[in-house]
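Student: Protein chains in written order, with this note's numbering: chain Y, 18 to 421; chain P, 18 to 421.
Glycine included, every Cβ here is placed at the ideal spot set by N, Cα and C.
Here you go, one structure.
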DNA sequence: TTAGTTCGTCTTGCGACTAAACAAAATTAG
DNA sequence: CTAATTTTGTTTAGTCGCAAGACGAACTAA
């Protein structure tokens with residue numbers, strides 16, 4: 018539940034109304050099915066006010082009445098549910114090797130989930146943007162065909178994304194200063210819904226905070242385990258943006274000044290020690306040539322060997338897990354989150370990485386009663402795409418309801 | 018600076034009123050002297066509304082009318098100024114070797130600034146709490162004698178402080194699980210104003226964000242340079258609290274696995290490499306015995322020798338600066354702040370530390386157009402105390418105005 | 001059938017903002 | 001010196017949205 022900072026703007030009735038509409042909407046989302054009386058009792062709003070708000074939301078097709086139920090004493094309640102059907106939020110995820118599209122309804126139900134291969138490294142940015150826009154357009158058309166209205170489209174990119182939607186730097190895509198939002202916006206014909214671009218880790222952590230195992234945690238960090246390592250940070254219930262929009266760049270934090278060289282030209286980066294590519298290289302010394310060609314196959318092979326007790330693979334996993342634990346300890350000491358969620362290719366490897374990381378974390382955590390937990394994501398590879406769609410819902414939740 | 022409550026709580030008229038009162042108050046603070054018409058034009062509020070709000074604020078003695086001025090065409094404006102005089106906010110700072118008390122009025126003017134020595138390490142927590150409460154009481158009585166109403170008292174402690182005011186761990190004071198807020202509250206006779214306790218770095222960064230050289234920066238990190246190193250983090254305009262209230266513990270982040278042993282029992286901590294104690298030990302190898310006895314004298318001696326071109330001292334400063342730069346690079350990559358402010362004993366040493374730190378930072382920063390700046394605090398040793406008082410004003414600014 | 005319970009609406013009142021007219025106080029023009 | 005102009009701040013009327021409480025509706029229990 019991300020709340021945006023409101024600046025020096027004064028408040029008026031519209032704000033009160035929008036706030037309370039959002040309060041009711043969020044309550045119903047979390048307590049389906051429920052009655053108007055339930056809402057009034059739980060939120061403290063007056064029954065009459067709730068009736069008015071609910072009528073408004075039904076009018077906007079955000080809520081729907083179901084048949085009466087609740088066989089209790091007294092008048093039966095008219096139960097309300099989220100009416101997701103007329104709306105959709107779309108999220109796209111760009112990766113070095115694939116594109117993902119996800120669409121969800123207001124209730125967070127996935128109504129579309131596509132994945133297609135994509136050659137991010139060798140495609141020119143212009144081509145890539147065209148391919149991304151094309152996928153987005155297909156997804157949008159699909160949900161429109163179902164009779165839904167699109168509330169927004171958000172694209173996750175593995176790199177530094179400025180607030181205006183310009184991708185400043187995406188090493189794994191070979192991009193620099195690409196105005197992706199503008200390109201996609203134009204390819205979609207300047208649509209009425211907002212198109213935005215954000216870092217993939219930022220979107221993934223939003224997905225985790227809504228739909229993950231620790232949904233609702235106010236302090237949550239997500240570590241991407243794709244070609245690089247990035248962090249999405251939710252602190253005190255809000256996604257961190259930083260001064261220029263580039264927080265969470267943990268991949269090139271130095272873990273060991275005596276560590277190995279990193280692809281970025283520096284030495285001892287977390288990515289060089291605990292990155293999936295580095296891990297694969299250590300765990301599969303015999304197939305070092307193919308490493309870059311297909312990370313997924315390599316990770317599967319590492320899993321196979323680790324299960325088979327292969328010492329080289331197990332040692333590599335332990336080593337990477339320890340380095341990862343050291344990186345996580347930095348996050349924990351600086352940010353004190355409740356959970357650190359591992360995503361991407363870290364997920365299949367989590368069984369070996371997490372014990373080593375937790376061991377390291379125990380020795381390096383400052384805070385008492387070691388609270389921070391490390392878990393693997395259960396959302397799968399589309400986490401950032403789903404999070405992209407979820408950011409659109411966050412807008413709605415924050416009171417930015419669709420007009421009638 | 019939240020305006021309407023965006024949480025699960027619904028909004029009503031009182032929230033609108035409180036929000037707009039705070040909007041007017043903040044505007045006047047930043048634009049003294051100004052007229053009602055100015056406020057209306059700048060905020061977008063209606064002239065009538067502004068008049069009503071201003072009348073309310075004058076009634077609460079938060080604003081005051083001055084004589085007419087502004088010799089322009091048209092009716093002369095009645096100029097308004099902040100009326101700080103009837104109120105005061107008090108901040109205390111606990112350190113291993115001294116206590117500080119600061120009181121400020123609504124405009125942020127210091128109306129009291131005391132410093133007294135204090136033997137934090139050898140005093141039992143009960144005695145220490147008594148001494149702290151006594152100093153607080155004297156400060157409170159002093160401002161009350163001036164005819165002011167105390168709006169709140171906030172105490173900064175170098176350690177882990179839970180949200181309920183319990184000091185979980187303060188190694189440099191030898192404290193563990195001390196309910197300082199309760200003790201001080203009782204020593205003050207359960208006063209009507211709120212007493213709170215927070216980490217000293219958190220309070221210092223609040224002071225920096227209000228009164229420092231980079232006041233107003235939305236992304237700001239403060240590093241304490243006392244016996245330990247702690248970080249206070251303001252991100253997107255808000256102080257980070259973390260899941261348990263223990264963020265910013267950067268002192269024991271590992272910078273180098275092959276580094277020296279730290280007092281905490283671990284190896285290669287930032288504090289062991291770049292802490293003031295470690296620095297003094299390296300820079301003054303001949304006087305290693307006295308190190309703990311008086312850090313301030315030792316730091317002065319380091320400054321004297323560095324100015325004199327002493328190679329040992331200069332090497333130690335360069336080494337510590339580099340390590341500090343590495344720690345700062347971690348912060349920069351994770352949080353992307355606009356400024357990192359060095360405080361405490363880092364300030365007199367900043368001339369030597371910052372160049373080395375910036376050099377390191379340039380090589381380790383990921384983001385392009387290296388934006389993060391490193392500066393020394395200009396607030397002096399009372400930063401945390403002043404920040405403690407400022408947190409009280411933040412409450413007022415957020416709409417929590419004193420009752421009549 | 002009657003009493004009791006709960007739900008949701010209706011009516012009334014109030015608080016807070018907006019818009020527009022107006023009164024007040026100065027400067028400028030003739 | 002008077003009148004027009006300009007700007008300020010108040011007054012009046014109106015609207016919006018929430019709260020409180022009465023009330024009808026719909027169901028259970030006895």
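Give the interface partners of residue 267(P) over in chain Y, defined as CB-CB distance under 7 Å, in chain order.
Tutor: Counted from its first residue, the second chain places residue 267(P) at position 250. Within chain Y, the residues near residue 267(P) are 350, 351.
Student: Under 8 Å Cβ to Cβ from residue 375(Y), same chain only, skipping five residues before and after it: list those, please.
Tutor: For this step, residue 375(Y) is matched to residue 358 along the first chain. 342, 391, listed in sequence order.
Student: Does the beta carbon of residue 213(Y) come closer than 8 Å to any beta carbon on chain P?
Tutor: For this step, residue 213(Y) is matched to residue 196 along the first chain. Residue-level contact check: residue 213(Y) does not touch chain P, since none of the beta carbons of chain P fall below 8 Å from its beta carbon.
Student: Taking a Cβ distance cut-off of 8 Å, strictly less, list which residues of the segment 274-297 of chain P are near chain Y, in chain order.
Tutor: 274, 275, 281, 283
Student: Hey, residue 98(P) and residue 71(P): beta-carbon distance below 8 Å or not?
Tutor: In the second chain, residue 98(P) corresponds to position 81, counting from 1. In the second chain, residue 71(P) corresponds to position 54, counting from 1. No, the pair does not count as a contact, with Cβ atoms beyond the cut-off.
Student: Using the C-alpha atoms, what's the distance from residue 134(Y) back to residue 355(Y)?
Tutor: By one-based count along the first chain, residue 355(Y) stands at place 338. By one-based count along the first chain, residue 134(Y) stands at place 117. Near 35 Å, if we compare the C-alpha coordinates of residue 134(Y) and residue 355(Y).
Student: Indicate whether at least one CB of chain P lies closer than 8 Å to the CB of residue 473(Y).
Tutor: This structure does not reach residue 473(Y), given that chain Y is present from 18 up to 421, and the question cannot be answered.
Student: For residue 190(P), which residues of its own chain have a beta-carbon under 6 Å away from its beta-carbon, when the five flanking residues on both sides are left out?
Tutor: Here residue 190(P) refers to the residue found at position 173 when the second chain is read from its first residue. Excluding the 5 residues flanking it on each side, residue 190(P) has same chain C-beta neighbours closer than 6 Å at 137, in chain order.
Student: With distance defined between alpha-carbon atoms, name the residue in 111(P), 80(P), 110(P) nearest to residue 100(P).
Tutor: As a position in the second chain, residue 100(P) is number 83, starting the count at 1. Comparing Cα positions, the closest option is 80(P).
Student: Tell me whether the segment 200-208 of chain Y and the segment 326-343 of chain Y touch, counting them as touching only if at least three CB pairs, one residue from each stretch, are closer than 8 Å.
Tutor: no
Student: Looking at the unbroken alpha helix (DSSP H) that takes in residue 412(Y), where does it start and where does it end?
Tutor: On the first chain, residue 412(Y) is found 395 positions in, with the first residue counted as 1. First-last of the alpha helix (DSSP H) with residue 412(Y): 400-414.
Student: Pairing CB atoms from the segment 251-258 of chain P with CB atoms from the segment 221-234 of chain P, are three or more of them under 8 Å?
Tutor: Taking 8 Å as the limit for Cβ pairs, the verdict is that the segment 221-234 of chain P does touch the segment 251-258 of chain P.
Student: Quick check on the burial criterion: 16 or more other C-beta atoms within 10 angstroms. Buried or exposed for residue 165(Y)?
Tutor: The residue given as residue 165(Y) occupies position 148 in the first chain. With 16 or more Cβ atoms within 10 Å of its Cβ, residue 165(Y) is classed as buried.
Student: Does residue 421(P) come out as helix, strand or coil in the three-state DSSP assignment?
Tutor: Taking the first residue of the second chain as position 1, residue 421(P) is located at position 404. Residue state, collapsed to three classes: coil.
Student: For the segment 286-301 of chain Y against the segment 205-216 of chain Y, are there 3 or more C-beta pairs whose distance is under 8 Å?
Tutor: no
Student: Is the segment 105-114 of chain Y close to the segment 395-407 of chain Y, with three or more CB pairs under 8 Å?
Tutor: Yes, the segment 105-114 of chain Y touches the segment 395-407 of chain Y.
Student: Which residue's Cα is closest to the Cα of residue 509(P): 235(P), 240(P), 147(P), 105(P)?
Tutor: This structure does not reach residue 509(P), given that chain P is present from 18 up to 421, and the question cannot be answered.
Student: According to DSSP, is residue 196(P) helix, strand or coil?
Tutor: On the second chain, residue 196(P) is found 179 positions in, with the first residue counted as 1. Looking at residue 196(P) - three-state DSSP - the assignment turns out to be strand.
Student: Which residue spans inside the segment 343-401 of chain P form an unbroken alpha helix (DSSP H) run of at least 4?
Tutor: 363-381
Student: Is residue 132(P) helix, strand or coil by DSSP?
Tutor: By 1-based counting over the second chain, the position of residue 132(P) is 115. Looking at residue 132(P) - three-state DSSP - the assignment turns out to be strand.
Student: Is the segment 47-56 of chain Y touching the segment 30-41 of chain P in the sense that three or more CB pairs, one from each, lie closer than 8 Å?
Tutor: no
Student: If you count every other CB in all the chains shown that lies within 10 Å of the CB of residue 420(P), and 16 or more means buried, which is it?
Tutor: To locate residue 420(P), count along the second chain from 1; it is residue 403. Its Cβ having fewer than 16 others within 10 Å, residue 420(P) is exposed.
Student: Between 116(P), 94(P), 65(P), 121(P), which lies nearest to residue 448(P) when the distance is taken from Cα to Cα?
Tutor: Outside the displayed range of chain P (18 to 421) lies residue 448(P), so it cannot be described from this structure.
Student: Sorted by chain position, which residues of the same chain lie with C-beta nearer than 6 Å to residue 273(Y)'s C-beta, five sequence neighbours on each side aside?
Tutor: Against the first chain, residue 273(Y) aligns to sequence position 256. The residues are 285.
Student: Do residue 242(P) and residue 293(P) have their C-beta atoms within less than 8 Å of each other?
Tutor: Translated into the one-based positions of the second chain, residue 242(P) becomes position 225. Translated into the one-based positions of the second chain, residue 293(P) becomes position 276. In contact: residue 242(P) and residue 293(P) (Cβ atoms closer than 8 Å).
Student: In terms of residues, what are the limits of the alpha helix (DSSP H) holding residue 44(Y)?
Tutor: For the purposes of this step, residue 44(Y) is taken as the residue at position 27 of the first chain. Taken as a continuous stretch (DSSP letters only), the alpha helix (DSSP H) holding residue 44(Y) covers 30-47.
Student: With 8 Å as the limit, tell me which residues of the segment 232-248 of chain Y have their beta carbon closer than that to any beta carbon of chain P; keep them in chain order.
Tutor: 234, 235, 236, 248
Student: For residue 267(Y), which option in 147(Y), 346(Y), 231(Y) has the closest C-alpha, if you only look at C-alpha atoms?
Tutor: Counting from one through the first chain, the residue named residue 267(Y) turns up at place 250. The option with the nearest alpha carbon to residue 267(Y) is 346(Y).
Student: May I ask which residues mark the beginning and end of the beta strand (DSSP E) holding residue 176(Y)?
Tutor: Reading the first chain from its first residue, position 159 is the one you call residue 176(Y). Looking at the DSSP string, residue 176(Y) is not in any beta strand (DSSP E), and its letter there is neither H nor E.
Student: Out of curiosity, what's the CA-to-CA distance linking residue 349(P) and residue 281(P)?
Tutor: Walking along the second chain from the start, residue 349(P) turns up at place 332. Walking along the second chain from the start, residue 281(P) turns up at place 264. The straight-line gap from Cα to Cα measures roughly 25 Å.
Student: According to the neighbour-count rule (16 or more other Cβ atoms, all chains shown, within 10 Å of its Cβ), is residue 84(Y) buried or exposed?
Tutor: Within the first chain, numbered from 1, the residue matching residue 84(Y) stands at position 67. Taking every protein chain shown into account, the CB of residue 84(Y) has fewer than 16 other CB atoms within 10 angstroms, so this residue is exposed.
Student: Below 8 Å on the Cβ atoms is my contact criterion, and I expect residue 316(Y) with residue 362(Y) to pass it. Report the Cβ-Cβ distance as a whole number of Å.
Tutor: Within the first chain, residue 316(Y) is the residue found at index 299, counting from 1. Within the first chain, residue 362(Y) is the residue found at index 345, counting from 1. Indeed, because the Cβ distance is near 5 Å, the residues count as touching under 8 Å.
Student: Where do the N-terminal and C-terminal ends of the beta strand (DSSP E) with residue 110(Y) fall, by residue?
Tutor: Mapped onto the first chain, residue 110(Y) falls at position 93. Run containing residue 110(Y): 104-111, per the beta strand (DSSP E) assignment.
Student: What would DSSP say about residue 183(P), mapped onto helix, strand or coil?
Tutor: Here residue 183(P) is taken as the residue at index 166 of the second chain, counted from 1. It is a strand residue.
Student: Going by Cα to Cα distance, which pick from 103(P), 235(P), 276(P) is closest to residue 162(P)?
Tutor: Locating residue 162(P) in the second chain gives position 145, counting from the first residue. When only C-alpha atoms are compared, the closest one is 103(P).
Student: Buried or exposed for residue 92(P), please, with buried defined as at least 16 other CB atoms from any protein chain shown within 10 angstroms of its CB.
Tutor: As a working note, residue 92(P) is residue 75 in the second chain. With fewer than 16 other Cβ atoms within 10 Å, it is exposed.
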